[in-house]
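Reading through the structure tokens given below for one structure.
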Amino acid sequence: GLTNKEIAFQMNKSVSTVKQHISGMMLRLDVHTRTGIVIKAQKLGLIDKE
């Protein structure tokens, strides 16, 4: 996966904004890692498994 800095650069956002969004996703999905976000989002049908 990409680092927060790489994501921020690609999305033209600050690193702190990326961190805030990731933290928000973790909270809403009740997970503790970025990998957990992906796994839970796939299980909920929010993203494709590819």
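Numbering (the numbering used here), first residue to last: -5 to 44.
Ideal Cβ placement from N, Cα and C applies to all residues, glycine included.
8 angstroms contact criterion, which residue i and residue j should meet: CB distance rounded
i	j	result
residue 34	residue 23	4 angstroms
residue 41	residue 28	Not a contact, Cβ separation roughly 13 angstroms.
Residue interval of the alpha helix (DSSP H) (run including residue i)
i	result
residue -4	First-last for residue -4: undefined, no H or E at that position.
residue 9	9 to 23
residue 37	28 to 37
Interface flag, residue i vs chain C, CB-CB below 8 angstroms
i	result
residue 34	Absent here is chain C; the protein component of the structure consists of one chain.
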